[in-house]
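Residue numbers (the numbering used here), protein chains in the order written: chain A, 225 to 771; chain B, 107 to 167.
Beta carbons are placed, not taken as given, at the ideal position from N, Cα and C, and that holds for glycine.
Just so we're clear, the structure is a prediction, and the values are computed from it rather than from any experiment.
Working notes, structure below.
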Amino acid sequence: MTRISYLAAAVALLSAAAFAQTPAPAPAAPPAAAAPITIDEIKNVSTPDNATRIKGDPDGGLTGNVGDVVVSDSKKGLTLGDVVNQIGQNRIAVNFVWTLITGFLVMFMQAGFAIVETGLCRAKNANHTMMMNFMVYGVGMLAYWLIGFAIQMGGVGGVATLGGVNPLNDEWSITLFGKAWGLFGRHGIFLTQGGTYDVGVMVVFLFQMVFMDTALTIVTGTAAERWKYAAFMVSSFVMGAFTYPLYANWAWGNGWLANLGGNYGLGHGYADFAGSGVVHAVGGITALALGIIIGPRIGKYTRSGKPNAIVGHDIVIVLTGCFILAFGWFGFNPGSTLAASGNGALRIGSIAVNTMLAGMTGGFGAMLYMWLRYGKPDASMSGNGLLAGLVAITAPSGFVNTVGACIIGLIAGVLVCISVEFVDRVLKVDDPVGAISVHGTNGLWGVISVGLFADGKSNFGGSWNGVNGSVTGLFYGDAGQLVAQLIGVATLIGFVFSFSFIVNLAIDAVVGQRVGAKAELEGLDLPEMGQLGYPEFELKARVAAGA
Amino acid sequence: MGIAGLLVTLLGFLVAAASVGVSSNLTMRMIAVLIGIAISLAGIMGMIIPAFRKKAVWRNE
């Protein structure tokens with residue numbers, strides 16, 4: 225029946241195209257009952273003749289018709305098979321284009337991160353901070369192409385919305401508690417190994433690559449103004465090759481977290497729609513590990529441990545960067561359907577609206593918190609509030625309604641302010657841009673919020689992580705989903721932190737994570753990069769240092 | 107102290123991950139996962155950070 229319905233729809237579409245030039249179309253007839261379609265009907269669909277076409281098509285009514293359907297055998301002419309294949313390819317083409325364009329939007333977020341971080345740092349480190357954000361794109365991409373993508377997606381077992389992506393089918397697992405625990409994929413090294421020279425695989429790679437790079441660029445903010453550039457290169461490479469892909473495999477690549485539902489009955493398994501945990505918490509928690517190792521900037525704390533405020537040099541580019549990030553987030557979340565056609569992908573409208581609402585309430589939450597607490601609506605924290613709301617809604621964006629999105633964002637906006645104070649004053653970990661709080665704390669909050677607010681109304685092809693039905697949180701009746709989410713949180717805090725900590729301790733021992741005190745006081749632009757960010761400006765720090 | 111903190115942090119993860127195998131009761135699993143998270147946080151905030159704070163640059167300024 226489904227096949228017949230498709231054919232009926234195809235003929236209806238083709239007929240509509242063929243008769244679109246009729247001057248005064250009759251009122252639409254009630255839809256006809258689905259009926260078997262004959263080959264004669266297909267062959268008799270008329271096309272505009274050449275005499276009509278050479279006059280041009282100003283209203284677009286003639287362009288795109290039955291004559292544009294690809295025919296597999298010109299001797300046979302148009303067949304039912306040709307029509308059906310064209311419909312299938314059109315659906316996958318729509319999904320390819322959607323996924324690629326949203327991936328391009330996410331790529332542009334690198335520019336947003338770059339200027340947010342640079343604006344929040346002092347002018348004497350502008351070149352260094354920008355260069356870290358610039359080169360993390362290439363370093364991460366190289367690592368991901370070499371090995372990271374294979375670890376993350378090599379065993380995902382297919383992506384239906386992108387035409388199958390069948391070569392990504394080799395997940396390495398161990399058996400624990402009677403079930404297979406997927407740990408890493410093994411197809412996709414160099415995007416050739418394991419049959420992965422495949423158009424669908426390329427689309428998956430591009431989209432996942434820009435996500436991975438977002439996680440990497442979070443770390444540069446926390447370690448800014450004192451990170452040795454060589455150490456940054458090595459640390460970012462390892463994160464792009466191993467740290468990020470491992471957790472991403474467990475969550476998105478058919479790994480053990482994704483299968484907590486199918487294997488152990490915990491809701492739909494760990495559900496992280498667009499990466500509050502996979503992208504942001506991994507970045508924020510790695511930033512925490514590095515921030516502990518690298519230590520605070522000179523002058524950040526008094527001898528008694530009291531924190532000093534070290535303000536950034538350009539709030540204008542900070543808030544401009546926040547806008548760029550908010551724009552890019554429309555690729556991040558709606559794009560994570562990997563589809564605009566089929567499998568419940570029309571949910572993209574809801575996801576986009578959830579994204580913008582949570583960003584809005586996040587910005588409000590932070591601004592009002594700062595206004596009430598300190599008497600002024602702090603600009604940089606308002607920007608961080610917007611980002612915190614966006615980070616928090618990233619995981620639940622596909623599963624919650626607009627009220628849930630607003631609540632999640634509002635909590636995130638307040639939470640980021642409290643977390644910044646906690647990290648600064650209690651933990652005494654120096655985080656110049658607030659990345660640990662924006663991405664780490666609110667990434668974790670986003671993961672938890674799925675287990676609370678998912679309303680059970682989404683339906684991405686009838687199942688999620690192989691479990692039938694819709695993801696449903698505690699407030700809508702499924703406590704098991706919350707447990708699955710909390711296991712994800714425990715993995716981020718317990719495993720990802722430990723892994724990142726060990727990696728960066730090893731880099732510290734071999735390369736050294738921190739620049740010398742003289743270079744730090746002078747600013748890293750000349751000692752590390754050989755060029756000032758603002759060569760025509762006389763900076764206070766350089767004057768004081770006698771440079 | 108730092109290494110011990112790292113081990114405790116990892117232990118918290120193992121407790122949480124093992125929760126699915128030691129019980130099929132949802133409440134017990136929830137409790138085990140929360141205990142695991144608490145252990146990991148204690149390892150980071152109670153052991154690793156204090157250990158590294160002793161070497162912080164502002165202590166010698």
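Contact belief for residue i with residue j at Cβ below 8 Å, rounded distance in angstroms
i: valine 363/A; j: methionine 457/A; result: 6 Å
i: alanine 569/A; j: threonine 385/A; result: 7 Å
i: valine 671/A; j: serine 500/A; result: 5 Å
i: alanine 495/A; j: phenylalanine 646/A; result: So it is not a contact: roughly 28 Å between Cβ atoms.
i: leucine 415/A; j: valine 425/A; result: 7 Å
i: proline 520/A; j: alanine 162/B; result: 6 Å
i: glycine 142/B; j: serine 130/B; result: Not confirmed; about 17 Å, so no contact.
i: valine 640/A; j: glycine 667/A; result: Rounded, the Cβ-Cβ distance is 11 Å, inconsistent with contact.
i: isoleucine 711/A; j: alanine 123/B; result: 7 Å
i: isoleucine 632/A; j: alanine 582/A; result: 6 Å
i: isoleucine 150/B; j: phenylalanine 721/A; result: 6 Å
i: histidine 504/A; j: valine 644/A; result: The pair is not a contact, with the Cβ atoms about 15 Å apart (cut-off 8 Å).
Beta carbon of residue i nearer than 7 Å to that of residue j
i: tyrosine 468/A; j: valine 506/A; result: yes
i: valine 542/A; j: valine 340/A; result: yes
i: valine 707/A; j: leucine 490/A; result: yes
i: isoleucine 145/B; j: leucine 113/B; result: no
i: tyrosine 488/A; j: methionine 433/A; result: no
i: glycine 464/A; j: methionine 436/A; result: yes
i: glycine 637/A; j: alanine 590/A; result: yes
i: lysine 348/A; j: glycine 747/A; result: yes
i: threonine 444/A; j: methionine 333/A; result: no
i: glycine 343/A; j: glycine 536/A; result: yes
i: phenylalanine 497/A; j: serine 560/A; result: yes
i: alanine 374/A; j: glycine 409/A; result: yes
i: glycine 680/A; j: serine 661/A; result: no
i: glycine 285/A; j: glutamine 376/A; result: no
i: glycine 315/A; j: valine 739/A; result: Note that residue 315/A corresponds to arginine in the displayed sequence, not to glycine. No, the Cβ-Cβ distance between arginine 315/A and valine 739/A is not below 7 Å.
i: alanine 448/A; j: threonine 353/A; result: yes
i: tryptophan 595/A; j: threonine 579/A; result: no
i: tryptophan 688/A; j: histidine 492/A; result: yes
i: glycine 697/A; j: leucine 676/A; result: yes
i: glycine 609/A; j: glycine 586/A; result: yes
Residue i: first and last residue of the uninterrupted alpha helix (DSSP H) it sits in
i: glutamate 744/A; result: 741-746
i: leucine 676/A; result: 666-677
i: tryptophan 476/A; result: 468-476
i: tryptophan 595/A; result: 572-598
i: leucine 490/A; result: Neither: leucine 490/A is in no alpha helix (DSSP H) and is coded neither H nor E.
i: serine 397/A; result: From DSSP, serine 397/A is part of no alpha helix (DSSP H) but of the beta strand (DSSP E) over 395-400.
i: isoleucine 278/A; result: Segment: none, isoleucine 278/A is in no alpha helix (DSSP H) and carries neither H nor E.
i: threonine 342/A; result: 304-344
i: phenylalanine 725/A; result: 721-734
i: histidine 809/A; result: Nothing about residue 809/A can be read from this structure; chain A reaches only from 225 to 771.
i: valine 542/A; result: 539-556
i: asparagine 608/A; result: 603-618
i: aspartate 437/A; result: 423-446
Residue interval of the beta strand (DSSP E) (run including residue i)
i: alanine 404/A; result: 403-409
i: threonine 262/A; result: Segment: none, threonine 262/A is in no beta strand (DSSP E) and carries neither H nor E.
Within-7 Å CB hit, residue i to chain A
i: methionine 153/B; result: no
i: valine 126/B; result: yes
i: isoleucine 143/B; result: yes
i: valine 114/B; result: no
i: methionine 136/B; result: yes
i: glycine 118/B; result: yes
i: serine 129/B; result: no
i: alanine 148/B; result: no
i: alanine 110/B; result: no
i: alanine 122/B; result: yes
i: alanine 157/B; result: no
Residue-level contact to chain B via CB, residue i, 7 Å cutoff
i: valine 542/A; result: no
i: tyrosine 488/A; result: yes
i: isoleucine 711/A; result: yes
i: alanine 384/A; result: no
i: leucine 651/A; result: yes
i: alanine 242/A; result: In this prediction, alanine 242/A scores a pLDDT of 40, lower than 50, which makes its location untrustworthy; the coordinate-derived value is nonetheless stated afterwards. With 7 Å as the cut-off, alanine 242/A does not count as an interface residue toward chain B.
i: valine 707/A; result: yes
i: serine 298/A; result: no
i: leucine 714/A; result: In the sequence as displayed, the identity of residue 714/A is alanine instead of leucine. Closer than 7 Å to some Cβ of chain B, the Cβ of alanine 714/A qualifies, so yes.
i: isoleucine 516/A; result: yes
Where the segment 546-562 of chain A meets chain C: residues whose CB sits under 8 Å from a CB there: In summary, chain C is missing from the structure at hand, where the protein chains are A and B.
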